[in-house]
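Visitor: To convert, note that position 3 of the sequence shown is -7 in the numbering used here; the numbers rise steadily by one, no gaps.
Yeah, the Cβ is synthetic: ideal placement off N, Cα and C, and Gly gets one too.
My questions all concern the structure below.
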Amino acid sequence: FVDGETMRSFGESYPSFRDMLNDLRRARHEPDRSTRGNMYVKFKRRYGVGVKTVASLILQTQSAAMAVILLYTGMRSSELRSLRAGCLSKRDGVYFVEAKIFKQEATPDGRPGEWIAIACVRDAVWVLEQIAALTERTFLCGSVRTTDADKDTPLTSGSLNRRMKGLLEYIDNKKEYRKSNVYPHSI
């Protein structure tokens, strides 16, 4: 994960996040190693931050948004991983996030479910939708890599567990939970 100073400089140094992602995508898809290296150098010169830092910030942001949804909805990890773009709805002034319920279901497709979405959950879903759009995904909890856009699948439960553990390690300044086993259902 990235430190706070890098994040602040990142926020002040780019003209357009979409332009940045497009440049990032072009550089990462460049088959010629030498050309790709030159593109990385130009990227850092233009945006004031390296490609790996941007990728780390996107990953960190996605992980934090997923943690917010888990914390404030009570979703299981399988339900979180089933979120897709357009999953927010509003009825009678109340917002809901729609996903699939898999527990005690005979079918691997699950059944439709919905959870009340307070403001921070709506914000987290919006963030995940922006990342998914920029990385050309429909699953909100999928890979943030721009080089495998043809693989539009949700994270595995193991990947989600590692993300949550990494997020906890990042925010745990006092190292109190360093050796804790963190799982999405324990958040």
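Checking the sheet assignment: what are the DSSP bridge partners for K90?
Guide: Here residue 90 refers to the residue found at position 100 of the sequence shown. Paired residues: P102.
Visitor: Taking the runs of the alpha helix (DSSP H) that are 4 residues or longer, which of them lie wholly in the segment 5 to 41?
Guide: Every alpha helix (DSSP H) stretch that sits fully inside the segment 5 to 41 and reaches 4 residues is listed by chain position as 7 to 19, 23 to 37.
Visitor: Could you give the first and the last residue of the continuous alpha helix (DSSP H) run that contains R66?
Guide: On the sequence shown, residue 66 is found 76 positions in, with the first residue counted as 1. Unbroken run through R66: none, as it is neither H nor E.
Visitor: Answer with buried or exposed for D13, where buried requires no fewer than 16 other C-beta atoms within 10 angstroms of its C-beta.
Guide: By one-based count along the sequence shown, residue 13 stands at place 23. Its Cβ being crowded by 16 or more others within 10 Å, D13 is buried.
Visitor: Under 8 Å: do the segment 68 to 75 and the segment 114 to 129 share three or more Cβ pairs, one atom per stretch?
Guide: yes
Visitor: What is the C-beta distance between E88 and P98, in whole angstroms, given that I count them as a contact (C-beta under 8 Å)?
Guide: Reading the sequence shown from its first residue, position 98 is the one you call residue 88. Reading the sequence shown from its first residue, position 108 is the one you call residue 98. With a Cβ gap of about 18 Å, E88 and P98 do not count as contacting.
Visitor: From R(-2) to E95, what does the alpha carbon distance come to, in whole angstroms?
Guide: Your numbering for residue -2 matches position 8 in the sequence shown. Your numbering for residue 95 matches position 105 in the sequence shown. Confidence is the limiting factor: at R(-2) the pLDDT is only 48, short of 50, which leaves the residue's position unreliable, though a coordinate-based value still follows. R(-2) and E95 have their alpha carbons spaced roughly 45 Å apart.
Visitor: Leaving out the 5 sequence neighbours to the left and right, which residues in its chain are closer than 7 Å to G100 when beta-carbon positions are compared?
Guide: Here residue 100 is taken as the residue at index 110 of the sequence shown, counted from 1. Here the set comprises S72, K90, I91, F92.
Visitor: Where does G1 land, buried or exposed, given buried means 16+ other C-beta within 10 angstroms?
Guide: As a first step, residue 1 is located in the sequence shown; it is residue number 11 there, counting from the start. Bear in mind that the predicted position of G1 carries a pLDDT of just 48, short of 50, making it unreliable; the figure below should be weighed with that in mind. Result: exposed.
Visitor: Assuming I49 contacts L60 (C-beta within less than 8 Å), just tell me the rounded distance between them.
Guide: In the sequence shown, counting from the first residue as 1, residue 49 sits at position 59. In the sequence shown, counting from the first residue as 1, residue 60 sits at position 70. Sequence inspection shows Leu at residue 49; the Ile mentioned does not correspond to that position. For a cut-off of 8 Å, the C-beta gap from L49 to L60 is around 17 Å, too long to register as a contact.
Visitor: Name, in chain order, the residues that DSSP records as bridge partners for G132.
Guide: For this step, residue 132 is matched to residue 142 along the sequence shown. P144.
Visitor: Distance, Cα to Cα, Y62 vs K42?
Guide: As a first step, residue 62 is located in the sequence shown; it is residue number 72 there, counting from the start. As a first step, residue 42 is located in the sequence shown; it is residue number 52 there, counting from the start. Spanning the two alpha carbons is a distance of roughly 30 Å.
Visitor: By Cβ distance, which residues of its chain are closer than 6 Å to R153, with the 5 residues on each side in sequence left out?
Guide: Counted from its first residue, the sequence shown places residue 153 at position 163. Hits under 6 Å: S53.
Visitor: Counting C-beta neighbours from all protein chains within 10 Å, is the total for I161 16 or more, i.e. buried, or is it exposed?
Guide: Residue mapping note: residue 161 aligns to position 171 of the sequence shown, counting from 1. Label assigned to I161: exposed.
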